[in-house]
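Novice: Numbering (UniProt numbering), first residue to last: 1 to 193.
#1: Under the assumption that residue 75 contacts residue 41 (Cβ atoms under 8 Å), give the Cβ distance between them as a whole number of angstroms.
#2: Given this structure, state the Cα-to-Cα distance separating residue 110 from residue 8, to the nearest angstrom.
#3: What's the C-alpha gap between residue 24 and residue 91?
#4: Rounded to the nearest angstrom, what separates residue 67 and residue 57 at their Cα positions?
#5: Taking all protein chains shown into account, decide if residue 160 is buried (16 or more other Cβ within 10 angstroms of its Cβ) or exposed.
#6: Using a threshold of 9 Å, state whether the C-beta atoms of residue 34 and residue 85 are closer than that.
#7: On the three-state DSSP scale, how would you describe residue 147?
#8: Does the segment 107-122 come into contact with the segment 10-20, if we say contact requires no fewer than three beta-carbon pairs (one atom in each stretch) closer than 8 Å?
#9: Quick one: is residue 38 buried, meaning 16 or more other Cβ sit within 10 Å of its Cβ, or exposed?
#10: Mark residue 1 as exposed unless 16 or more other C-beta atoms lie within 10 angstroms of its C-beta, in which case mark it buried.
#11: For a test of your reading of the model: does the CB of residue 45 fall under 8 Å from any non-hydrogen atom of the ligand COA? Yes or no.
#12: When the Cα atoms are used, what is the spatial distance from residue 4 to residue 135?
#13: Could you check where the alpha helix (DSSP H) with residue 60 kicks off and where it finishes?
#14: Does the beta-carbon of residue 16 have 16 or more other beta-carbons within 10 angstroms, so that it is buried, or is it exposed?
#15: What did DSSP end up calling residue 139 once you bin it into helix, strand or coil?
#16: Please state whether DSSP places residue 8 in a helix, a strand or coil.
#17: Going by the beta-carbon positions, is the gap between residue 96 and residue 22 smaller than 9 Å?
#18: For residue 51 versus residue 71, is the C-beta spacing smaller than 9 Å?
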């Protein structure tokens, strides 16, 4: 069982490495570089739009308005190109998702195979144990283990302990059961009378 769990842990570590390299790192690249760049262009576009609108509204000089309009048009083009490139990169992004799903499928397939082998091995061991002849268990007594009984020591606690060494005749479980049944029978007999 321990070896199977170790094999499954090794497969998990392999999955972790695969997912990190082929899914998480490209996703991190998308987040930190591509999306960040698009957001930068959009923010710049927003600022230039405000600048262009402001200069038009306050009726600035024609060359100021023209300059603001050119900067606005440039930012608009950069933002559109950035968004287009990001959206056109969907084949790569879906491919990364496919890699992620394949990695998960491979991990679960390998774990399934490991567990199938484990179950087969455990079933074989169970059948071997069931087929093995059973020996009768006889518990050992203190005498079998050569341990002196408490009552066999003379003068313990300053007095004679001979009453401890004498065995007490206690009824066995079967005798108790038999007496109880006999008492129940005699009680039932009295009730029927």
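C-beta atoms are modelled at their ideal positions from N, C-alpha and C, and glycine is treated no differently.
Specialist: Taking the definition as stated:
#1: The C-beta distance from residue 75 to residue 41 rounds to 7 Å, short enough to meet the 8 Å contact threshold.
#2: When the Cα atoms are used, residue 110 and residue 8 turn out to be separated by approximately 8 Å.
#3: If I take the Cα positions, the gap works out to 16 Å.
#4: In a straight line, the C-alpha of residue 67 is about 15 Å away from that of residue 57.
#5: Caution applies to residue 160, whose pLDDT of 44 falls short of 50 and renders its modelled position unreliable; the value that the coordinates give is listed next. So residue 160 ends up on the exposed side.
#6: Yes. Within cutoff.
#7: In the structure shown, residue 147 sits in coil (DSSP, three-state: anything other than H, G, I, E or B).
#8: Yes: at least three Cβ pairs fall under 8 Å.
#9: Residue 38 is classed as buried because its beta carbon has at least 16 other beta carbons within 10 Å across all chains shown.
#10: Residue 1 should be labelled exposed.
#11: Because no ligand of any kind appears in the structure shown, any question about the ligand COA cannot be addressed here.
#12: Answer to the nearest angstrom: the Cα atoms are 32 Å apart.
#13: For residue 60, there is no enclosing alpha helix (DSSP H), as DSSP marks it with neither H nor E.
#14: Classification for residue 16: exposed.
#15: Three-state DSSP puts residue 139 in coil, outside helix and strand.
#16: Collapsing the DSSP output to three states places residue 8 in a helix.
#17: Yes, these two residues count as a Cβ contact at 9 Å.
#18: Judged by their CB atoms, residue 51 and residue 71 are nearer to each other than the 9 Å cut-off.
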